[in-house]
Structures are given as C-alpha cells and as structure tokens.
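Trainee:
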Amino acid sequence: MLRHRRHKRSLFSRVVHRVVPCVGPFDDDASSETLDKDSVDKDTQIVDEDTTVDKHASSEIVDKHSVDEHHPNPSPLLPPILPHHLGRKCLVLDLDETLVHSSFKAVQDPDFVVPVEIECHSHHFHVLKRPGVDEFLRQMGQLYEVVVFTASLSKYADPVLDQLDVHRAVTHRLFRESCYTHNGTYVKDLSQLGRPIADTIIIDNSPASYIFHPHNAVPVSSWFNDPHDAELTDLVPFLADLTNVPDVRGILNDSR
Numbered sequence: 049m050l051r052h053r054r055h056k057r058s059l060f061s062r063v064v065h066r067v068v069p070c071v072g073p074f075d076d077d078a079s080s081e082t083l084d085k086d087s088v089d090k091d092t093q094i095v096d097e098d099t100t101v102d103k104h105a106s107s108e109i110v111d112k113h114s115v116d117e118h119h120p121n122p123s124p125l126l127p128p129i130l131p132h133h134l135g136r137k138c139l140v141l142d143l144d145e146t147l148v149h150s151s152f153k154a155v156q157d158p159d160f161v162v163p164v165e166i167e168c169h170s171h172h173f174h175v176l177k178r179p180g181v182d183e184f185l186r187q188m189g190q191l192y193e194v195v196v197f198t199a200s201l202s203k204y205a206d207p208v209l210d211q212l213d214v215h216r217a218v219t220h221r222l223f224r225e226s227c228y229t230h231n232g233t234y235v236k237d238l239s240q241l242g243r244p245i246a247d248t249i250i251i252d253n254s255p256a257s258y259i260f261h262p263h264n265a266v267p268v269s270s271w272f273n274d275p276h277d278a279e280l281t282d283l284v285p286f287l288a289d290l291t292n293v294p295d296v297r298g299i300l301n302d303s304r
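The working numbering numbers the first residue of the sequence shown as 49 and each following residue consecutively.
1) Quick one: residues in its chain with C-beta nearer than 6 Å to the C-beta of Asp76, no 5 flanking neighbours on either side, listed in chain order?
2) To the nearest angstrom, how far is it from the Cα of Tyr234 to the Cα of Leu287?
3) By Cβ distance, which residues of its chain are closer than 7 Å to Leu176, with the 5 residues on each side in sequence left out?
4) Report yes or no: do three or more beta-carbon pairs, one from the segment 233 to 252 and one from the segment 261 to 273, lie closer than 8 Å?
5) Could you please give the first and the last residue of the uninterrupted beta strand (DSSP E) stretch that includes Glu165?
6) To the nearest whole angstrom, what separates the beta carbons of Phe152 and His169, a pair I think is in contact under 8 Å?
7) So the candidates are Pro244, Pro285, Met188; which of them puts its Cα closest to the Cα of Ile129?
8) Note down the Cα distance separating Asp142 from Pro275, rounded to an integer number of angstroms.
9) Would you tell me roughly how many angstroms separate the C-alpha atoms of Leu310 and Glu193, rounded to the nearest one?
10) Looking at the structure shown, is Phe223 part of a helix, part of a strand, or coil, going by DSSP?
11) Closest to Thr281 by CA distance: which of Asp144, Tyr258, Pro179 is it?
12) Less than 8 Å separating the beta-carbons of Ser257 and Lys236?
13) Considering only their Cβ atoms, is the gap separating Ala205 from Arg186 smaller than 8 Å?
14) What ranges does the beta strand (DSSP E) occupy inside the segment 187 to 242, keeping only unbroken runs of at least 3 residues that lie completely in it?
15) At which residues does the alpha helix (DSSP H) containing Pro285 begin and terminate?
16) Can you list, in chain order, the residues of its chain with a C-beta nearer than 8 Å to that of Ser239? Leave out the 5 residues immediately preceding and following it.
17) Do you know whose CA, among Ala199, Val161, Lys137, Pro163, lies nearest Leu191's CA?
18) Helix or strand or just coil, what does DSSP make of His174?
19) Can you tell me whether Asp302 is helix, strand or coil according to DSSP?
20) Looking only at its own chain, which residues have a Cβ that is under 8 Å from the Cβ of Val164, when we skip the five neighbours before and after it?
21) Between His133 and Pro294, what straight-line distance do the alpha-carbon atoms span, to the nearest angstrom?
22) Where does the unbroken beta strand (DSSP E) through Ala246 begin, and where does it stop?
23) Specify, as a first and last residue, the run of the beta strand (DSSP E) that His132 falls within.
24) DSSP on Ser270, reduced to helix/strand/coil?
25) What whole-angstrom Cβ distance do Ser200 and Asp144 have, given they're in contact under 8 Å?
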C-alpha cells in the first residue's frame, strides 16, 4: 500500500506541475499551423476552449438555459446506474484540450473531420486526438462508469464523440446546458450527477471547471498538438489504483 501511495503522489505531482493555466484559448507554444485562435473567438463559439463564457456569442449558439448561479437541479443529470456498472466509481472526462483538440482551420493529417451547422452554414472541425486516448478510453471503460462532460454544445461534441469513442467506453454525455455559469465560467457541478461524491473523479484541463469539487479532480495540461504527450497513458495505473479506495478525495487531496 505504501508503494502505491508513493507511486500516486509521484505521478500526481508530475501531472500537476505540467498543468498549463487556462488563461486563453490556446497556449503560447502551440503551432500557428495547427491553431486558429480567431476561429473560436468569434461570435459562433461552440467549442469549449477554456470554459470561459463568450458574452458576445449569438443567441443561437449560446445555450439559453445556462444557469447564472449555483442552484441545484431538481433531478440528477445522470440516469440510474446500469446494473453492470454497480460498484464502479464514476470517471468524468472533459473533451476539448483534454482528450482532443479541434480547429476550424484545416490541419495536417487530422484524425477526423466533423461537419457542424452554425447559423445555417456548414463548418468543418478538424480534430486531433491526444496521444494514447484510444487505449485510455478502452481501459477506463473496463474500470469505471465513464462520463464525458463538456462545456461545448452537443451539435459539435456528439459527432466528435461518435468518432472518438471507438471502444464505446463512454456511458453518458453531458454538454453545455448541464453546466453552471459562475463568474463568467462554465462549471461542472459533480454533486448534480446523481453519483456519490466519494466515488466521483473529474479529469479536466481547466481548474475553473471543477472549482466546486477541487478534491475530486485530476488535473491535466491543455493539449493541442504535441505528438510526444503521454499524460493519458501515465494516468492509467494511477486511475486503476483509485478504483480500490473508499473515498477518492482523500487520495487526490493528499497528493497535491
């Protein structure tokens, strides 16, 4: 057990130190060939870049049901747990810059391209998969009830997940309308999922997304196009160990 605890602390510390603060849509080191900053700063923002609310977004794109304060929903966001997931913990995964990076601008060798209709016009998102994401999802699907919770709109995120989740590891999908807006930021309130908080983990590149439950979070750095990134692969043994603890908050809080 001590060996596992040391491994968890070492791995978690390594991940935390690599986290890039989400102060803008893209990091300064991202390739200009791959990234198109203006494509997500315009008034048709449908992709979650840093979970910041675009106050100039068009009325069609901004979800009209976004909540401005932290008020609980009358019913859980997730349906009752499926019989074959009984006894499993819930793993909540962010999408953009955590599992994939998407751009309006054409990129070299995208993993796939998804068409999205925005205000009666079809746009194409060029999607890059984070290294190791396929195997990561496959293994997590065997260990957890996996939920993708994104601040992007479903018109974009659904087709991305249809192509990304080749192993059908993701049990549930939650989108922008399930987020709260808090101080101009989209927040994912884990207490509204309908799962025990002690058994819930969130992996997200934006700390603002989990400000209500920081002790349930495994932070990762924002990923854009680094082919040598290994964070998802590195997290697999750590997350496998977490399936056996009575309360994930004790481990995640102690590991900071």
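C-beta: ideal position from N, C-alpha, C; glycine also.
What you are looking at is a predicted structure, and each value in this text was computed from that prediction instead of being measured.
Mentor: Reading from the atomic positions:
1) The predicted position of Asp76 is uncertain, since its pLDDT is 32 and thus under 50; no value can be drawn from it.
2) 25 Å
3) Val148, His149, Val155, Pro158, Asp159, Asn273
4) yes
5) 160 to 166
6) Their Cβ separation, rounded to whole angstroms, is 12 Å, which puts Phe152 and His169 out of contact at 8 Å.
7) Pro244
8) 20 Å
9) Nothing about residue 310 can be reported from this structure: the residues present for the chain run from 49 to 304 only.
10) coil
11) Pro179
12) yes
13) no
14) 193 to 197, 218 to 222, 228 to 230, 233 to 235
15) 279 to 290
16) Pro120, Ile245, Phe260, His261
17) Lys137
18) strand
19) helix
20) Ile94, Ser170, His171, His172, Phe173, Lys203, Tyr204, Pro207
21) 17 Å
22) Run containing Ala246: none; DSSP gives neither H nor E here.
23) Here His132 belongs to no beta strand (DSSP E), and DSSP marks it neither H nor E.
24) coil
25) 6 Å
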